[in-house]
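Contents: one structure, followed by commentary.
Listed below in structure tokens is the structure:
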């Protein structure tokens, strides 16, 4: 696996990886301030013009998926060459795209409460209308490895797992006690390495196991989405790209080659910056 040179890596001994913090107290993170410096090893390969890129994701082959202002979903090769495009039959706002599953791409339209599954060529496989199952409004949704669906029901603040084959919810986790009196702004949901990560822009990242049991909260306020690369979680902030090791709990910071990126996706060999005018592809 290629590694990105780090501007700052914590040297302090981290707390044990099994430590758990209560909801009101974020899990410990060991970090060190990063000096202001130009990024090392970012080589611009291609600039793709795209009107106001929105939800985006990477698959395990390194292909990148990005929506545009009209909610069309574009698929690009790892080096940024156009492959396929999916245009929805009905208008709708794309809240989330999830391409990590080896055979399916999930597209969640939050305004019409619908999930569409596409194959690797962006041909439709199936559609799921959440109002047929959910009494409330799903804020974020993602696909579990066993083809079940994880949903955050914003109406009653529950995290739920839906089994469409059995036509029932197999897991329900109330979140009201975890959240307390805060005003959450949930923006992203993703299962990775047997854990489920729920991103609250205002409160941080809530971590659950794959049975919906709460484990801890990571103090990454201001993050809209998170990505994963190996054993690291990463997110974009005003000061650059933050990488957090999931097991030794250390954090490092990377400077970005340009400012104004709304999201950054990092693959094995390439990184992708989403800017208001399009997509920039960098070789690492």
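In the numbering used here, the protein residues as written are 458 to 741. By construction, the Cβ of each residue, glycine as well, lies at the ideal position given by its N, Cα and C atoms.
Counting along the chain, no beta strand (DSSP E) covers residue 633; the unbroken alpha helix (DSSP H) around it starts and ends at 633–636. Between the alpha carbons of residue 526 and residue 508 lies a distance of about 6 angstroms.
For residue 503, the uninterrupted beta strand (DSSP E) segment begins and ends at 500–506.
In this structure, the straight-line span from the alpha carbon of residue 573 to that of residue 544 is close to 12 angstroms. Apart from sequence neighbours up to five positions away, the residues of its chain that approach residue 512 with a beta-carbon distance below 7 angstroms are 524, 551, 552, 553 and 554, ordered along the chain. Residue 689 counts as buried, since at least 16 other C-beta atoms from the protein chains shown sit within 10 angstroms of its C-beta.
DSSP, reduced to helix, strand and coil, places residue 588 within a helical segment of the structure shown.
When rounded, the separation of the alpha-carbon atoms in residue 737 and residue 534 is 13 angstroms.
Counting the other Cβ atoms within 10 Å of the Cβ of residue 582 gives fewer than 16, which makes it exposed. Residue environment: residue 610 is assigned as buried (16 or more neighbouring CB atoms within 10 Å of its CB, all protein chains considered). The beta strand (DSSP E) runs of length 3 or more contained entirely in the stretch 658–682 are, from start to end of the chain, 661–666 and 671–675. When secondary structure is reduced to three states using DSSP, residue 578 falls in the coil class, being assigned neither helix nor strand.
For residue 513, the beta-bridge partners assigned by DSSP are 523. Residue environment analysis places residue 500 among the exposed positions, since fewer than 16 neighbouring C-beta atoms fall within 10 angstroms of its C-beta. Within its own chain, the residues whose Cβ lies closer than 6 angstroms to the Cβ of residue 627, once the five positions on either side in sequence are excluded, are 618 and 620, listed in chain order. In this structure, residue 698 lies near residue 711, with their beta-carbon atoms less than 8 angstroms apart. In chain order, 645, 647, 654, 656, 662, 677, 690, 691 and 692 place their CB closer than 8 angstroms to the CB of residue 683, counting only its own chain and leaving out the 5 sequence neighbours on each side. With a cutoff of 8 angstroms on beta-carbon distance, residue 598 and residue 614 are scored as not near each other. Under DSSP, the beta-bridge partners assigned to residue 692 are 699.
Per DSSP, reduced to three states, the secondary structure at residue 684 is strand.
DSSP, reduced to helix, strand and coil, places residue 740 within a strand of the structure shown. In terms of Cβ geometry, residue 546 and residue 570 do not form a close pair [threshold 8 angstroms]. Judged by DSSP secondary structure, residue 620 falls within the beta strand (DSSP E) whose first and last residues are 615–620. Cβ neighbours of residue 667 within its own chain (closer than 6 angstroms, five residues either side excluded): 651. In this structure, DSSP gives residue 598 an extended state, which the three-state scheme calls strand. When rounded, the separation of the alpha-carbon atoms in residue 575 and residue 510 is 19 angstroms. In the three-state scheme derived from DSSP, where H, G and I count as helix and E and B as strand, residue 720 is classed as strand.
8 angstroms or more divides the Cβ of residue 502 from the Cβ of residue 674. Taking residue 559 as the centre and dropping the five residues before and after it, the same chain places the C-beta of 517 closer than 7 angstroms to its C-beta, in chain order.
Collapsing the DSSP output to three states places residue 562 in a strand.
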